[in-house]
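When we follow this note's numbering, the leftmost residue of the sequence shown carries the number 13, and every step to the right adds one.
Only one structure is covered here, and it is reproduced in the block below.
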Amino acid sequence: MTPERPNNRNLVGMLALVLGLTIYAGIVAWLAEWIGAMPLLIEVLFYLILGTAWLWPAGRLLRWMAAGRRTDGD
Numbered sequence: 013m014t015p016e017r018p019n020n021r022n023l024v025g026m027l028a029l030v031l032g033l034t035i036y037a038g039i040v041a042w043l044a045e046w047i048g049a050m051p052l053l054i055e056v057l058f059y060l061i062l063g064t065a066w067l068w069p070a071g072r073l074l075r076w077m078a079a080g081r082r083t084d085g086d
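Encoded structure:
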């Protein structure tokens, strides 16, 4: 059994994931001063939302990356 050769989707997807999360984290860090001036409950809600908002696009990207894989029957 030969090892599976990585496809270009994996490379593009990983680069997009790292770049996208870096930009996203930078934006959240930039907003931190503004968010920190709000009441504690609103601040916590913002961070809960912003802390999980990246999951949906990252999941879609990971599914797109996996769609290019070959199965044993191919």
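Backbone N, C-alpha and C define an ideal beta-carbon position, used for all residues, glycine too.
Checklist entry - What first and last residue would you give for the alpha helix (DSSP H) that runs through W46? => result Following the DSSP letters along the chain, one finds W46 inside the alpha helix (DSSP H) bounded by residues N20 to G48.
Checklist entry - Are the beta-carbon atoms belonging to L29 and L73 less than 7 angstroms from one another? => result Yes, the pair counts as a contact, with Cβ atoms nearer than the cut-off.
Item to check | Cβ separation of W68 and Y36, assumed to be a contact under 8 angstroms, to the nearest whole Å | outcome: Taking C-beta atoms under 8 angstroms as the contact rule, W68 and Y36 fail to qualify, at a distance of about 12 angstroms.
Checklist entry - Under a three-way DSSP split, which group does P69 fall into? => result It is helical.
Item to check | Local conformation of A78 per DSSP, three classes | outcome: When DSSP states are grouped into helix, strand and coil, A78 belongs to the helix group.
Checklist entry - What does a CB cutoff of less than 6 angstroms around I47 pick up in its chain, not counting 5 residues either side in sequence? => result Non-local beta-carbon contacts of I47 in its own chain, meaning distances under 6 angstroms to residues more than five positions away in sequence, involve E55 and F58 in chain order.
Checklist entry - Taking all protein chains shown into account, do 16 or more other C-beta atoms lie within 10 angstroms of the C-beta of G25, making it buried, or fewer, making it exposed? => result A buried status is given to G25, since no fewer than 16 other beta-carbon atoms sit within 10 Å of its beta-carbon.
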